[in-house]
Structures are given as C-alpha cells and as structure tokens.
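In the order they appear, the protein sequences are chains A and B.
Sequential numbering of the first sequence, starting at 1, is according to the working numbering.
Sequential numbering of the second sequence, starting at 321, is according to the working numbering.
For each residue, glycine too, the CB sits at the ideal point set by N, CA and C.
These notes are about the structure you will find just below.
2 protein chains.
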Amino acid sequence: MQTFEQLSKIFAAHFDRRHFPSEPASLYDAGQYFLDLEGKRIRPVMCLMGNELFNEIHPDVYEVATAIELFHNFSLIHDDIMDNAPLRRGKQTVHEKFGHATALLAGDMMLVTAYDHLNKVHPGYIRSIIDLFNQTAREVCEGQQLDMDFEKKQVHLNEYLHMIELKTSVLIAASLRLGAILGGAGEGNQRHLYEFGKCLGTAFQVQDDYLDAFGDPSKFGKQVGGDIRSNKKTFLLIKALESATGFNAKELSRLLNENPDDKVERVLQIFRDCGVDNWAFNLKEQYMTTAERHLEEIAVLSSRKAPLNELAAYLIKREH
Amino acid sequence: MQTFEQLSKIFAAHFDRRHFPSEPASLYDAGQYFLDLEGKRIRPVMCLMGNELFNEIHPDVYEVATAIELFHNFSLIHDDIMDNAPLRRGKQTVHEKFGHATALLAGDMMLVTAYDHLNKVHPGYIRSIIDLFNQTAREVCEGQQLDMDFEKKQVHLNEYLHMIELKTSVLIAASLRLGAILGGAGEGNQRHLYEFGKCLGTAFQVQDDYLDAFGDPSKFGKQVGGDIRSNKKTFLLIKALESATGFNAKELSRLLNENPDDKVERVLQIFRDCGVDNWAFNLKEQYMTTAERHLEEIAVLSSRKAPLNELAAYLIKREH
Chain A
1 MQTFEQLSKI FAAHFDRRHF PSEPASLYDA GQYFLDLEGK RIRPVMCLMG NELFNEIHPD
61 VYEVATAIEL FHNFSLIHDD IMDNAPLRRG KQTVHEKFGH ATALLAGDMM LVTAYDHLNK
121 VHPGYIRSII DLFNQTAREV CEGQQLDMDF EKKQVHLNEY LHMIELKTSV LIAASLRLGA
181 ILGGAGEGNQ RHLYEFGKCL GTAFQVQDDY LDAFGDPSKF GKQVGGDIRS NKKTFLLIKA
241 LESATGFNAK ELSRLLNENP DDKVERVLQI FRDCGVDNWA FNLKEQYMTT AERHLEEIAV
301 LSSRKAPLNE LAAYLIKREH
Chain B
321 MQTFEQLSKI FAAHFDRRHF PSEPASLYDA GQYFLDLEGK RIRPVMCLMG NELFNEIHPD
381 VYEVATAIEL FHNFSLIHDD IMDNAPLRRG KQTVHEKFGH ATALLAGDMM LVTAYDHLNK
441 VHPGYIRSII DLFNQTAREV CEGQQLDMDF EKKQVHLNEY LHMIELKTSV LIAASLRLGA
501 ILGGAGEGNQ RHLYEFGKCL GTAFQVQDDY LDAFGDPSKF GKQVGGDIRS NKKTFLLIKA
561 LESATGFNAK ELSRLLNENP DDKVERVLQI FRDCGVDNWA FNLKEQYMTT AERHLEEIAV
621 LSSRKAPLNE LAAYLIKREH
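Encoded structure:
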C-alpha cells in the first residue's frame with residue numbers, strides 16, 4: 001500500500017511528458033501548455049488508490065488515470081472559456097494566451113486523447129470503464145450547464161447540492177471506482193467506494209465555501225471574502241438566502257445589489273446571525289461521517305484503507 | 321446490396337429520434353435542436369455502405385454510424401462557434417439560439433455520446449474501431465486549426481490540400497472504412513476503400529469550389545461568387561495566387577483588398593486568364609479517376625460496388 005504522495009510521484013513519472021504530436025503546433029502546444037501548468041493530479045492519483053485498495057497496481061490503471069486527468073483538463077479549458085476566466089493556477093488561461101477558437105479545439109482534442117488511453121484498457125474491462133467514464137463526463141457537462149443556469153435564477157439548496165455533486169463530486173467518485181473496477185472489486189465494494197468519493201468531494205466543496213468566508217487568512221492562502229465580493233453562489237449564500245428573515249433578508253438583498261465597501265463584513269455578520277457558519281461546518285462534518293461509513297463498509301483489510309483515510313484527513317481538516 | 325437512398329431510410333429509422341435525456345433541458349434540447357435540423361447523413365450512410373460492400377449488414381454498424389453522425393454534428397456546432405456563423409442549414413446555429421457557453425457544452429456532450437455508441441460495439445472490434453475513429457477525430461481538429469491558421473498567412477497549394485484532406489476527406493474515408501472493419505474486410509481492401517473515400521471527399525470539395533465560381537446559378541442552387549466576395553481561400557484562389565503574374569497578380573491583390581462592386585467578374589476573368597478554371601476541373605477529374613481505381617482494386621464482386629459507384633456519380637457530376 002502506498003500513500004498519496006508515493007502514488008503521486010509514480011503517476012507524475014507517467015504523465016509529466018509531451019502528450020501530443022508536434023504539428024500543428026498552433027493546436028497541440030496550446031493543449032500541452034495547459035497540462036504543463038501542473039495541477040495537483042488528485043483525481044488520477046485517487047484512481048491509482050482505488051485500484052491498490054483491492055489489488056496490486058494493474059498496469060492499465062495508468063491509462064485510465066491519464067484519461068481522467070486529460071478529461072479534467074479538457075473540462076477546465078472549456079469552463080474557463082465559458083466563465084471568461086483570465087487566470088488558472090496563476091497563469092493565463094488557454095483562451096487568453098491562444099485565443100478562444102484554439103482553446104475550444106485544444107479542449108476537444110484533449111477529450112479525444114483521453115479516449116485513446118481508455119482504448120488501451122484490456123478488452124475484459126473496457127466496456128465497464130468507458131460506461132462509467134462517459135456517465136461521469138455527461139454529468140460533469142450537466143453540472144456546468146446547471147451552474148450557468150443558476151446564475152440567472154433563484155436556487156434552492158437541494159438544487160445547488162445536486163449541481164455541486166455533478167460538477168465536482170462525481171468525478172472524484174468515478175476516479176476511485178474506475179481504479180476499483182480494474183482491481184477486480186465487486187459491485188458492492190465499488191458502490192461504497194463511489195459514495196465515499198462523492199461525499200468526500202461534496203465535503204471538500206462545503207469546506208472550500210466555508211473557508212472562503214470564515215477561514216483564517218494566514219492559513220487559507222488566499223484573501224477571504226472573494227466569493228462574497230463577487231456574489232458567487234455558495235452553500236453559505238444559498239442557505240442564508242433561504243433562512244434570513246426580516247431585516248437580515250432585506251439587508252442581504254441590498255448588499256448583493258449595491259456592493260458597498262463594507263459588504264464582506266456585513267454579509268459575514270448576516271451569515272453568523274442566521275447560523276450559516278455552524279450549519280456549513282456541520283454539513284461538512286455530516287458528509288465526512290457518511291464518507292467514513294462507506295469506507296468502513298468496504299470489505300477489505302482495514303490496513304489497506306489507511307492511505308484513503310489519510311487523504312481524506314488531509315483534504316478535510318476536521319476540528320472536533 | 322442496397323442503394324444510398326435505401327440505406328438512408330434505414331439509417332433515418334435508427335437515428336431520427338431523441339438522443340439525449342430530458343433534463344437539464346437547457347443543455348440537451350440545444351443538442352437535439354441541432355440534430356433535428358436534419359443534414360444529409362452522408363457519412364453514416366457511407367458507413368453502412370462500407371459494411372455492406374463486404375457482408376450482410378452487421379447490427380453494430382448502426383452504433384458506429386450513429387457515433388459518426390454525432391461526431392460530425394459535434395464538429396459542426398463547435399466550428400460554427402469558431403467561425404461565428406449565424407446560420408446552418410438555413411436555421412439559427414446553436415450558439416445563436418442558445419448562447420455560446422451552452423453550444424460549447426452541447427458539442428462536448430454530443431462527442432461523449434458518440435463514444436457511448438462506440439462502446440456498444442462487439443469487444444472483438446471495439447479497439448480497431450475506436451482507434452480509427454480517434455485518429456480521424458484528431459485529424460478533423462487539426463484541419464480546423466490549420467484552416468484558421470491559414471486565414472492569417474499565405475498558403476501553398478500543397479498545404480491547402482493537406483488541410484482539406486484533414487478537415488473534410490478523412491471523415492468520409494473513415495466512415496467507409498469503419499463499416500468495412502465490421503464487415504470483416506482485410507487490411508488491403510480497407511486501405512483501398514479508405515483512399516476511395518478520401519479522393520472522393522477531396523474531389524467533392526474541389527467541385528464545390530469550382531461551382532461556387534463557375535457553376536450555372538440555375539443548377540447550383542445558390543448565388544455564384546460567394547467565396548470570391550468573402551475572400552474565402554479556395555482551390556481556385558490559392559492556385560490563382562500562385563500562378564498569376566504581372567498585371568493579373570497585382571490586380572488580384574488589389575481586388576482582394578478593395579472589394580469593388582465588380583469584384584466577382586474581375587476575379588473570374590483572372591481565374592480564366594490563368595487557366596484556373598480548367599485546372600480545377602482537371603484536378604477534380606484526377607481525384608475521381610484515382611478514387612475509381614481504388615474502388616476497382618477492392619477484391620469483391622463488381623456488382624457489390626454498384627451502390628458506391630452510383631453515389632460517387634451522384635456526388636460528382638462528371639462532364640466528359
């Protein structure tokens with residue numbers, strides 16, 4: 001059993017290379033540029049972890065993990081176009097550096113390249129691997145569409161949660177499960193691992209929203225209140241819009257419309273008045289508890305689960 | 321053996337239906353809208369023809385043909401975004417009707433859906449099917465990128481020809497060959513069929529360029545000279561830029577820059593002076609002759625080739 005860090009190094013040795021032909025450079029260099037920005041590669045490493053939970057590393061898992069990382073990067077390139085984002089990982093986005101049309105095409109060919117890798121998987125596994133990969137890809141597209149739809153309308157907490165699951169959680173869940181499929185895991189074990197990943201992904205998103213508002217700036221690594229300043233829909237804001245009444249409801253609506261200088265402090269105060277801070281903290285805890293329950297249910301020796309437990313603890317700081 | 325028209329009806333019976341889930345409608349209705357514009361479905365029907373050339377129709381060929389048509393529509397939706405095209409098949413493009421972000425996502429999910437269908441192919445064929453499909457998808461992306469690159473620079477005829485092969489011809493060639501793979505065709509037969517399709521595709525593009533300039537408006541179905549008016553790079557213009565000298569060279573350059581009212585007539589006169597009209601006509605003939613030679617080389621009874629010969633004759637009007 002290897003830790004996340006050990007498996008990260010092994011994956012990097014496979015992945016950190018030129019992925020595309022040299023010509024036309026105008027297309028392929030744009031794609032390679034984005035891969036060279038070096039994300040944390042959490043998803044493909046989770047695929048390796050899902051595999052090693054059940055068995056020795058299967059050689060095909062590197063192909064599946066590579067497909068997952070290419071898919072993730074494809075979706076980021078296209079999301080950045082849709083969101084008109086200038087920066088990603090502190091560098092220019094692909095459309096900023098190479099133009100919208102090339103960014104669109106670079107994403108397309110990256111998705112096609114993901115399937116090149118899936119197509120190298122042993123024929124006995126390929127159908128179930130592509131099935132889950134495709135279901136997930138479709139859900140990620142649905143999540144992005146819902147996210148855009150939600151910008152224009154009032155959203156209930158359940159709808160928002162569903163969107164986050166599609167946009168964020170299912171890819172983490174599927175990464176683990178795709179590895180488990182290649183590890184020969186049974187259906188029940190696969191399902192528990194998938195739910196573990198899904199709850200972990202949602203807990204992480206709740207935590208991210210929480211820290212953006214209530215995090216310690218010295219530990220959080222970025223200025224707090226960014227989501228509030230940009231009126232970004234988060235778990236906190238949606239819960240506050242649902243639960244604020246009277247003066248707080250009117251004041252929140254005014255702050256969102258008028259963007260005064262003291263907006264962050266005032267919104268945070270309303271969050272506290274409505275108990276949204278404790279609510280979010282507890283929501284994260286609930287998801288983590290459910291995640292842990294699913295991990296416990298997986299029928300392998302507990303010692304094999306240690307790396308996943310460590311990763312969960314690393315991703316989600318629990319304070320109880 | 322069935323004709324193109326007969327196979328078109330059979331394919332339509334499989335394809336003309338709702339392809340996507342109902343929700344989120346904001347995403348899936350955009351994709352379905354484009355499919356409902358009803359193209360000519362030439363590529364998937366050629367896939368059926370490539371299959372029937374060698375054998376009884378294989379049931380999996382409908383999955384492959386569906387994947388091809390979904391891929392083609394995906395590439396059109398994204399090309400329309402890149403080209404900023406307002407109309408397709410006389411109707412609003414997806415980005416015009418549903419917005420750029422949704423059009424981008426609708427294309428993405430359509431590409432993913434294409435792989436759903438490929439993933440239903442019998443395990444004995446799936447790897448070679450996805451290999452050729454992916455190689456083709458990558459080449460179509462390369463062709464689109466080169467097309468955009470060529471807008472900004474001087475292009476030699478060989479480069480332009482290469483771009484057209486990637487953007488247009490290889491998908492027609494691959495459609496035939498994907499059918500042939502499922503028909504159990506040997507490597508040599510597959511290669512001749514592929515080259516037949518590639519030459520046919522290029523001949524069709526040369527003819528399209530020729531007719532836009534020299535076609536009989538009453539037969540061509542659209543106003544002639546559209547390509548000239550918009551300075552579109554075509555076989556004719558690139559050949560003229562390469563071969564015009566002296567006054568004609570200067571005049572052509574002036575006409576492209578100044579767009580005078582009599583631009584079409586004057587450019588056509590330069591085309592005639594340089595012999596570009598006869599050259600293009602002969603180029604089309606050469607490609608058709610090569611296409612026919614490859615079709616002849618395929619080792620099946622000549623009678624099985626009749627539908628492909630008829631289709632070629634229908635697509636390319638030969639006047640000799």
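query	result
Say whether the region 162–173 of chain A touches the region 138–147 of chain A, bearing in mind that this needs 3 or more beta-carbon pairs closer than 8 Å, one atom from each stretch.	yes
What distance in whole Å lies between the Cβ atoms of residue 514 (chain B) and residue 496 (chain B), which are believed to be in contact at a cut-off of 8 Å?	7 Å
Cα-Cα, which of B:547, B:358, B:337 and B:522 is closest to residue 602 (chain B)?	B:522
For residue 412 (chain B), which beta-bridge partners are listed by DSSP?	B:407
Only counting the same chain, and skipping five residues up and downstream in sequence, which positions put a Cβ closer than 6 Å to that of residue 320 (chain A)?	For residue 320 (chain A), the pLDDT reaches just 41, beneath the cut-off of 50, and the residue's location in the model is therefore unreliable, although a value from the coordinates is still provided. So no residue of the chain qualifies.
Which ranges does the beta strand (DSSP E) cover as unbroken runs of at least 3 residues, wholly within the region 157–226 of chain A, from first to last along the chain?	none
Here's a check: name, in chain order, each residue in its chain whose Cβ is nearer than 7 Å to the Cβ of residue 256 (chain A), leaving out the five neighbours to either side.	231
With distances taken between CB atoms, is the gap from residue 217 (chain A) to residue 206 (chain A) smaller than 8 Å?	no
Could you please give the first and the last residue of the uninterrupted alpha helix (DSSP H) stretch that includes residue 448 (chain B)?	443–470
In the DSSP assignment, find the unbroken alpha helix (DSSP H) run with residue 34 (chain A) in it and report its ends.	25–35
Nearest CA to the CA of residue 472 (chain B): which residue from B:434, B:327 and B:553?	B:553
Excluding the 5 residues flanking residue 248 (chain A) on each side, which residues of the same chain have their C-beta closer than 7 Å to its C-beta?	270, 273 and 274
On the three-state DSSP scale, how would you describe residue 474 (chain B)?	coil
Of all the CB atoms in chain B, is at least one closer than 8 Å to the CB of residue 76 (chain A)?	no
Taking the alpha carbon of residue 410 (chain B) as the point to measure from, which residue in B:428, B:354 and B:459 has its own alpha carbon closest?	B:354
Is the CB-CB distance between residue 414 (chain B) and residue 405 (chain B) below 8 Å?	no
Determine the extent of the alpha helix (DSSP H) in which residue 598 (chain B) is found, giving its start and end residues.	596–617
Quick one: which residues of the region 456–475 of chain B get their C-beta closer than 7 Å to a C-beta of chain A? List them in chain order.	457, 458, 461, 462, 464, 465, 466, 468 and 469
Confirm, please, whether the CB-CB distance from residue 45 (chain A) to residue 4 (chain A) is below 8 Å.	yes
Taking C-beta to C-beta, are residue 615 (chain B) and residue 628 (chain B) nearer than 8 Å?	yes
Against residue 127 (chain A), what residues of chain B qualify as contacts under a CB-to-CB distance less than 9 Å, listed in chain order?	439, 440, 443 and 446
Note down, in chain order, each residue of its chain lying with its Cβ closer than 6 Å to the Cβ of residue 98 (chain A), except the 5 sequence neighbours on either side.	30
Compile a chain-ordered list of the residues in the region 404–438 of chain B whose CB is closer than 7 Å to at least one CB of chain A.	421, 422, 424, 425, 428, 429, 431, 432, 435 and 436
Look up residue 377 (chain B) in the DSSP assignment and say whether it is helix, strand or coil.	coil
What residue does the alpha helix (DSSP H) around residue 14 (chain A) start on, and which one ends it?	4–15
Does any CB atom of chain A fall closer than 8 Å to the CB of residue 344 (chain B)?	yes
Roughly how many angstroms lie between the CA atoms of residue 623 (chain B) and residue 197 (chain A), to the nearest whole one?	58 Å
Alpha carbon to alpha carbon, how far is residue 115 (chain A) from residue 178 (chain A)?	14 Å
Closer than 8 Å by beta-carbon distance: list the chain A residues that pair up with residue 478 (chain B), in chain order.	None at all; the shortest Cβ gap to chain A is about 14 Å.
Could you tell me the distance, in whole angstroms, from the CA atom of residue 174 (chain A) to the CA atom of residue 342 (chain B)?	23 Å
Cβ atoms of residue 119 (chain A) and residue 439 (chain B): under 8 Å apart, would you say?	no
Where does residue 428 (chain B) fall in DSSP's three states?	helix
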